[in-house]
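The block underneath contains the structure these notes are about, expressed in structure tokens.
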Amino acid sequence: MATYDEMSLTHRLFMKGYSFSRYAVDPAGGAKLSMPLAQARVALVTTAGLREPSQADFDHSKKQGDTSFREISNGVETQRLIESHRSSAFDHTGIAADRNLAFPLDRFRELAARGVVGELNERHFSFMGSIVKPRPLIEETAPEVARMLREDGVTAVFLTPV
Amino acid sequence: MCNQTVGLIQAAIEREGIAAVSITLLREVTRVIRPSRALFAPYPMGFPLGRANDAELQHRIIAEALRLLEREDFPILEEFNP
């Protein structure tokens with residue numbers, strides 16, 4: 521189980537001193553599932569810093585965090601995705617062995633084949649967490665991805681941290 | 060930080076009227092950020108769906124999370140029991 525106590529002292533002090541409440545969202549703002557899951561168009565979003573081999577790496581030099589995102593094609597070979605998350609707060613070996621651990625595309629392909637979900641969207645999205653100052657994320661890149669998902673006709677989204 | 064980032068992206072997606080559910084590894088963070096629907100997975104950072112190459116466990120976690128999509132008593136923070 522992940523708790524602050526298992527982190528290194530540096531990470532722990534940072535997390536305890538960081539004001540997460542500044543970014544609390546409106547808890548009443550959730551959206552209703554507009555159709556049964558078996559008919560829903562589903563997209564995945566991860567903050568594991570995954571990208572396709574042809575895409576540019578995330579910018580590790582930005583101290584406040586890189587708030588950009590990468591579009592991941594639904595047809596991608598999952599295990600070929602490259603993980604280059606900058607954080608040293610987590611063990612990277614699990615994702616190295618199996619990208620589905622943080623980006624479960626193969627699992628959702630299985631769910632779509634079984635009819636548990638309707639279909640998968642043509643694209644999914646990957647961010648790199650470790651965003652210390654999330655204003656550009658809140659004001660620009662997250663709404664941009666949300667608009668693209670709506671334009672794609674996505675009706676349900678599954679998100680994974682790392 | 061990833062758990063905060065996920066919550067913020069989730070909120071933006073829901074503002075477009077799209078239902079969303081997330082996995083969280085840090086309850087302390089998710090309790091404060093308050094995304095609409097989150098499932099706490101009791102695993103170390105870096106292992107949001109439990110274990111590498113364990114499709115059965117990954118499916119159980121995903122199924123539990125997807126069940127939360129049916130609910131609207133926001134904010135929802137449930138725990139996965141392995």
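Just so you know, the sequences run in chain order A and B. Be aware that the first sequence starts at 521, since it is given in this note's numbering, and climbs by one per residue. Be aware that the second sequence starts at 60, since it is given in this note's numbering, and climbs by one per residue. Even glycine gets a Cβ: it sits at the ideal position worked out from N, Cα and C.
* **Buried or exposed by the 16-neighbour rule on C-beta atoms within 10 Å, applied to residue 537(A)** => exposed
* Asked: When DSSP labels each residue in this structure, what does residue 127(B) get in the three-state scheme?
  -> helix
* Distance between beta carbons of residue 94(B) and residue 70(B), contact taken as under 8 Å -> 6 Å
* To do: Under 8 Å Cβ to Cβ from residue 74(B), same chain only, skipping five residues before and after it: list those, please.
  => none
* So what does DSSP say about residue 655(A), is it helix, strand or coil? -> helix
* Is residue 670(A) closer than 8 Å to residue 76(B) when the C-beta atoms are compared? -> yes
* Asked: In terms of residue numbering, what span does the beta strand (DSSP E) encompassing residue 83(B) cover?
  -> 78-83
* chain A partners of residue 94(B), CB-CB under 7 Å? -> 545
* To do: Find the nearest neighbour of residue 676(A) within the set 550(A), 606(A), 622(A), judged by alpha-carbon distance.
  => 550(A)
* To do: Run through the segment 560-646 of chain A for me and flag every whole alpha helix (DSSP H) of 4 or more residues, listed as ranges in chain order.
  => 613-617, 625-634
* Within chain A, partners of residue 133(B) - CB distance below 7 Å -> 547, 548, 550
* Sequence-distant residues of the same chain with beta carbon closer than 8 Å to residue 565(A), five excluded per side -> 644, 645, 646, 647, 665, 677, 678, 679, 680
* Who are residue 133(B)'s beta bridge partners in DSSP? -> Residue 133(B) pairs with nothing; no bridge assigned.
* To do: Would you check if there are 3 or more beta carbon pairs closer than 8 Å linking the segment 610-619 of chain A to the segment 109-129 of chain B?
  => yes
* Grab me the residues of residue 562(A)'s own chain with a C-beta within less than 6 Å of its C-beta, minus the 5 sequence neighbours each way, in chain order. => 637, 640, 676
* Throw me the rounded Cβ distance for the residue 662(A) and residue 68(B) pair, which I believe falls under 8 Å. => 5 Å
* What residues in the segment 556-577 of chain A have a beta carbon less than 7 Å from any beta carbon of chain B? -> 557, 565, 567
* Which residue's Cα is closest to the Cα of residue 594(A): 623(A), 618(A), 581(A)? -> 623(A)
* What residue range is occupied by the uninterrupted beta strand (DSSP E) comprising residue 680(A)? -> 676-680
* To do: Answer yes or no: do residue 98(B) and residue 79(B) have a C-beta to C-beta separation smaller than 8 Å?
  => no
* To do: Could you work out which residue in 526(A), 584(A), 586(A), 619(A) is closest to residue 103(B) when comparing CA atoms only?
  => 526(A)
* Asked: How big is the Cα-Cα spacing for residue 60(B) and residue 642(A)?
  -> 28 Å
* Asked: What residue does the beta strand (DSSP E) around residue 108(B) start on, and which one ends it?
  -> Taken as a continuous stretch (DSSP letters only), residue 108(B) belongs to no beta strand (DSSP E), as it is neither H nor E.
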